[in-house]
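Chains A and B supply the protein sequences, listed in that same order. The numbering of the first sequence is the numbering used here, which starts it at -13 and goes up by one. The numbering of the second sequence is the numbering used here, which starts it at -13 and goes up by one. Even glycine gets a Cβ: it sits at the ideal position worked out from N, Cα and C. Down below is the structure, laid out as structure tokens.
There are 2 protein chains.
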Amino acid sequence: MSDTLTPQSQDFPKWYNEIVYKADLADQSPVRGCMIIKPYGYELWEAIKANLDRRFKATGHQNAYFPLFIPESFLKKEAEHVEGFAPELAVVTHGGGKELQEPYVVRPTSETVIGEAFSRWVQSHRDLPLLINQWANVVRWEMRTRPFLRTAEFLWQEGHTAHSSHEEAQEETMRMLDVYADFAINEAAIPVIQGRKSKMERFAGAENSYTIEAMMRDTKALQSGTSHNLGQNFAKAFEIDYTDENNERKFCWTTSWGVSTRMVGAVVMTHGDDKGLRLPPRIAPIQVVIVTIYKKDEQRTVVMETAERLASELREAGIRVHLDDRPNLSPGFKYNDWEMRGVPVRMEVGPKDVEKQSVAVARRDVPGKAGKQFLPQAGIVDVIKNLLVDIQASLLADATAFRDSHIKEVADDDYDAFGEAIQDGWALSWFCGSPECEKKVKDDFSAVSRCFPLDQPYPNETGHCIVCGTQAQEMAYFAKAY
Amino acid sequence: MSDTLTPQSQDFPKWYNEIVYKADLADQSPVRGCMIIKPYGYELWEAIKANLDRRFKATGHQNAYFPLFIPESFLKKEAEHVEGFAPELAVVTHGGGKELQEPYVVRPTSETVIGEAFSRWVQSHRDLPLLINQWANVVRWEMRTRPFLRTAEFLWQEGHTAHSSHEEAQEETMRMLDVYADFAINEAAIPVIQGRKSKMERFAGAENSYTIEAMMRDTKALQSGTSHNLGQNFAKAFEIDYTDENNERKFCWTTSWGVSTRMVGAVVMTHGDDKGLRLPPRIAPIQVVIVTIYKKDEQRTVVMETAERLASELREAGIRVHLDDRPNLSPGFKYNDWEMRGVPVRMEVGPKDVEKQSVAVARRDVPGKAGKQFLPQAGIVDVIKNLLVDIQASLLADATAFRDSHIKEVADDDYDAFGEAIQDGWALSWFCGSPECEKKVKDDFSAVSRCFPLDQPYPNETGHCIVCGTQAQEMAYFAKAY
């Protein structure tokens, strides 16, 4: 396998496809639109999972597990929901050698089957709020698939909650959006923007959808997590109701929110460069790789002694270390290999380092000699700890600077400038939010609105919609998107 | 919901069904044969998962994820395999609104789809051994289902490995059986017996299957985990081959091994009693519940102060604590509730305890006054730590004693005594291993062979098969089974 990548500037989609396979994140499978997540990619997903799961539990949610199959009739109970998902369903028609009386769909999302359960679990106001999360696989029969970004089967978590008031459901919706943003920014070093989706971009069946939007290195937008206030749509469709303090029967207000293996794609396309991945230390499966260098067998003994001692010192400090002592591979090959896999810090130990009690330390985020230091072995653990913190911060700063330099605020009467801005970044402009205007932008520039940011630049002003010119209350980001 | 259970002695299956729902482990679902795993049951599964996953990683395995769907043609490549699984398959015939050219089956197990990947991943002897594990859901269209024990969809892990020799594959098979036994005995307090399956009870496509067998409180056997040496059957069917040191092309030797949510059922039926679950402390979602007792509001303040202080002291020591201060429920109701859920230790804090700086501590495994102590609050953390270790050991000892008192070694010419032994426990007897003899036992007594134990009572002797009287090399356990 060649160890070079097509440069991002030359062909970004090609770069992405190559890096996914060359960094050993995923493999193709013989099943249409489905990938195999390889160990290195799965470890990254496990880190994402563990970090999110901890946050869900800290905010009072409990995990549960609901059936993979959903009776077809369930899906039809919420009109917009079935309309949105019907074209993407995989359908089980036979089981145990017989045709089923009612076909099952493989869950594309679980609002319906969980709604049915909630209708039994919620009886009294004392049962509320009900705060559930599920880690699961889901299936959506997508026409065009790309590893991690859009696959027929993917892994995700879906939170589902029920509340006694609209306010409380809205609070939950925003709380989980915050959890997602906090994770993305502070663990994955992805400077996401929080916002509300337009009517056209809303989840099928939601009253309002919120999103964290990330800018990839080709300036396209990637929706990286969503949180939906479902109003009473599913509560009414599935009769999720309760008796309140005054003994009156009321419908609940529900929410749902999800993050998927797509987040792996977000990490790849936010931080990756022409040499490979650059993984944020906090979620990197391997934070430090130690490469041994020697020519003769007697050198190996002393080099390995030092390398193993350093590895175990780092491990004891809670750092995830891998010691690469593969024979028959040159140090140079190994450096490229670990750069491709995006390991934040590389340490090199050779006979001279053993002699001098030193070690070479290279950071992945600063290429070449500028990123390489020769340091004393004594006190190396603290140095590495600080270095990892520094790399984490530098990746976030780098991605933030890239994002900010590719967002252009557009005057509200300059549709041409708007169109130009979308060619090479995101445009920020006043927008009325109508599906008609959104459709025109899509037709004209192959771009869509990404969100009305929660953090509006001019919160007390209004403007004119960049498309139709009518009064607009909010500004929105527009971009080409995955 | 009534808080009493049908006694085990009266109707064990009824007891089991009641406890699963009353202890809030699972709920019924509208999908045929599928259950919903409720938060308390899922937390138990998460504890099982975490403990197994740690062991898999410590023995060099890596997690990965393979597609849910398997092309029907794949399954047919291994003749015994398809014969074994064909009657239980769920089949997807439509995707994205169209009929599929080749139907997909929903994975009942993943030897085939993983075998195809292995055939691409393994090229050289340097790629071996390949040690992969997958956490996933699988579907088997079972006719008669029971929560956790046999459901159409269930959660499990499936290990899949490839090796360069039969010996190495056999070592791996036994290593993972040991891992399972170690987990069952030392975490779940289930005194499993390790053994080899008879020809009839083997996994479809395996050369040899090994099992950990547990005795439930009704003396029936539950296969709680299996490890298979697949020989070269799947390697040949999927062309998993490699170039050895002498540049010759060789087929691999593969293994697979799995433990499922069935383990939750094993925990329930090994330890549960007429008052509910009894959870081994090492895997209990809640190890200590603190119940507050007071009548007046001013009492609540001081009681809660003490209860919260105790809870945080225990939490700091790494103990999983739940503080139950639910209003409008009597202490007695709460005691029953937590006994039903099997929490190992209950602490009671009332106004007198605050005054005396004491606390009442009740252990779930010793009923009534004998299990209750009044202890000083000072130094309580160490006392509780030791108590949890003690309860863990006592549950294992209890289950071992029960098991041993219900196993009967039968003289090799006394088929009647054999039949009697199986009515009320397990029979240990010489067995030739033939499917014909096994079938006769099944017809006569509705029982099957569970395994040839690895630990043979008379390793240097032979005997006569209890069924046909021909010479037998080994003894086997026979029992009615789940």
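DSSP, read as helix, strand or coil, puts E64/B in coil.
Exclusion of the five residues before and after L75/A leaves V91, P94 and W127 as the residues of its chain whose Cβ lies within less than 7 angstroms of its Cβ. Between P16/A and chain B, the shortest Cβ-Cβ separation is below 8 angstroms. An exposed status is given to F360/A, since fewer than 16 other beta-carbon atoms sit within 10 Å of its beta-carbon.
Membership of Y2/B in the alpha helix (DSSP H) is indicated by the continuous run F(-2) to K8.
Inter-residue distance for M249/A and S246/B is about 28 angstroms (C-alpha atoms, whole angstroms). Contact between P330/B and L374/B holds, since their C-beta atoms are separated by about 6 angstroms, short of 8 angstroms.
Closer than 8 angstroms to the CB of E302/A there is not a single CB belonging to chain B. For the segment 225 to 249 of chain B, the beta-carbon criterion of a distance under 9 angstroms to any beta-carbon of chain A is satisfied by T247.
Nearest C-alpha to D260/B among V178/B, R295/B, R350/B and M333/B: R350/B.
Q48/B reaches chain A at P25, counting residues in chain order whose Cβ is nearer than 7 angstroms. C437/A: member of the beta strand (DSSP E) spanning V434 to P439, first to last residue. Contact annotation for G83/A against chain B: P73 [CB-CB distance below 7 angstroms, chain order]. Cα atoms of A223/A and V335/B: separation of roughly 45 angstroms, rounded to the nearest angstrom.
The contact set of V77/A on chain B, defined by CB atoms closer than 8 angstroms, consists of V78, T79, H80 and G81 in chain order. Chain B places no beta carbon closer than 8 angstroms to that of Y7/A, leaving this residue out of the contacts. Taking every protein chain shown into account, the CB of N446/A has fewer than 16 other CB atoms within 10 angstroms, so this residue is exposed. Uninterrupted alpha helix (DSSP H) stretches at least 4 residues long and entirely within the segment 271 to 323 of chain B occur at 283 to 302, given in chain order. Contact between the segment 180 to 189 of chain A and the segment 430 to 445 of chain A is present: 3 or more CB-CB pairs across the two stretches fall below 8 angstroms. Burial state of F404/A is buried, judged by a 10 Å Cβ sphere holding 16 or more other Cβ atoms.
I179/B: member of the beta strand (DSSP E) spanning I179 to R182, first to last residue.
Residue nearest to K338/B within the set R132/B, T292/B and G83/B is T292/B (criterion: CA-CA distance). DSSP places S(-5)/B in no alpha helix (DSSP H); its state is neither H nor E.
Around the beta carbon of P57/B, a 10 Å sphere encloses 16 or more other beta carbons of the protein chains shown; the residue is thus reported as buried. Linking L216/A to H67/A through their CA atoms gives a straight-line distance of about 11 angstroms. With contact defined as three or more Cβ pairs closer than 8 angstroms, the segment 266 to 273 of chain B and the segment 43 to 50 of chain B are not in contact. At a cut-off of 8 angstroms between C-beta atoms, D13/A counts as an interface residue with respect to chain B. Going by DSSP, G211/B is part of the beta strand (DSSP E) stretching over A207 to N215.
The three-state secondary structure of M333/A, taken from DSSP, is strand.
The shortest CA-to-CA distance from I370/B to any of E158/B, E302/B, D390/B and A397/B is the one to E302/B. A check of alpha carbon separations from T197/A across L208/A, A138/A, R203/A and W121/A identifies L208/A as the nearest. Using a CB distance cut-off of 8 angstroms, V92/B counts as an interface residue toward chain A. V347/B carries a strand assignment under DSSP once its states are collapsed to helix, strand and coil.
Distance from the CA atom of S15/B to the CA atom of F134/B, rounded to whole angstroms, is 13 angstroms.
Residues are counted here when their Cβ sits less than 9 angstroms from a Cβ of chain B; for the segment 323 to 339 of chain A the count is zero. Here the alpha carbon of Q156/B sits roughly 20 angstroms from the alpha carbon of S105/B.
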